[in-house]
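This report concerns only the one structure given below.
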Amino acid sequence: MFVFELTNPQSTTAFFPVLSDEAIYDFIPAPSPLYLTDFVRRHCLMTTRHSFGAYLDSTRTIPIGLLEVDIQSIGVAKIGFMISCAYWRQGFASQFVAQAISLLDPSIKTLIATVDSENTGSIKALEKNQFVRRGTKLGMLKKRAATEYSYQLDR
Numbered sequence: 000m001f002v003f004e005l006t007n008p009q010s011t012t013a014f015f016p017v018l019s020d021e022a023i024y025d026f027i028p029a030p031s032p033l034y035l036t037d038f039v040r041r042h043c044l045m046t047t048r049h050s051f052g053a054y055l056d057s058t059r060t061i062p063i064g065l066l067e068v069d070i071q072s073i074g075v076a077k078i079g080f081m082i083s084c085a086y087w088r089q090g091f092a093s094q095f096v097a098q099a100i101s102l103l104d105p106s107i108k109t110l111i112a113t114v115d116s117e118n119t120g121s122i123k124a125l126e127k128n129q130f131v132r133r134g135t136k137l138g139m140l141k142k143r144a145a146t147e148y149s150y151q152l153d154r
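Structure, rendered in structure tokens:
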């Protein structure tokens, strides 16, 4: 069971060591933050997105990742998540998504997620949580051709 906490510029410092790992950004358009100040600045720019830090323990000493919820319209939100590489391939992503969904406001009826077609871990996590692939889009990711899948969950 994870502990989720709404982040603010000060609390993001706990997640910088976890989320500055270059490997996490293989499937994310944004570059990894080079410095803590970059990470905090990026967080401060979010206006419609809410960021939740996830801890592996109730004492909030082991940060594991971030969940971002971006409200699109009434009842619709996009979600995204990043998990520390140390916890990949252990089933944490599926649990992370499941718990995050259960904590969202019930008025959010539709969740949308976009994932790189090569990010098999995130694809499995979404599909285990009843997300259905709704579309495919070709584009660019860090100067390389990429295919993105759009997933949707109707609750």
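For the record, in the sequence shown the residue sitting at position 136 is 135 according to numbering that gives the first Met the number 0, with numbers rising by one throughout.
Just so you know, even glycine gets a beta-carbon here, dropped at the ideal spot from N, CA and C.
Quick caveat: nothing in here was measured; it's all calculated off a predicted structure.
Residue i, buried or exposed, once every other Cβ within 10 Å from all chains shown has been counted against 16
{"i": "V131", "result": "exposed"}
{"i": "G138", "result": "exposed"}
{"i": "N128", "result": "buried"}
{"i": "S106", "result": "exposed"}
Run of the beta strand (DSSP E) containing residue i, from where it starts to where it stops
{"i": "Q71", "result": "62-72"}
{"i": "L5", "result": "2-5"}
{"i": "A85", "result": "Looking at the DSSP string, A85 is not in any beta strand (DSSP E), and its letter there is neither H nor E."}
Counterpart residues of residue i in DSSP-defined beta bridges
{"i": "M139", "result": "A144"}
{"i": "D153", "result": "T109"}
{"i": "F91", "result": "Partner(s): none; F91 has no beta bridge."}
{"i": "R132", "result": "Y150"}
{"i": "G79", "result": "E67"}
{"i": "Y54", "result": "V2, P62"}
Candidates the options, of which the one nearest residue i by Cα
{"i": "A145", "options": "I27, T36, T58", "result": "I27"}
{"i": "R154", "options": "D37, L55, I111, S116", "result": "I111"}
{"i": "S72", "options": "F95, Y86, G79, T109", "result": "T109"}
{"i": "D77", "options": "F1, M0, L152", "result": "In the sequence on display, residue 77 carries Lys and not Asp. Residue L152 is the option with its Cα nearest to K77."}
Close-in-space but distant-in-sequence residues of the same chain around residue i (CB under 6 angstroms, 5 per side omitted)
{"i": "I23", "result": "M81"}
Sequence-distant residues of the same chain with beta carbon closer than 8 angstroms to residue i, five excluded per side
{"i": "S10", "result": "E4, G52"}
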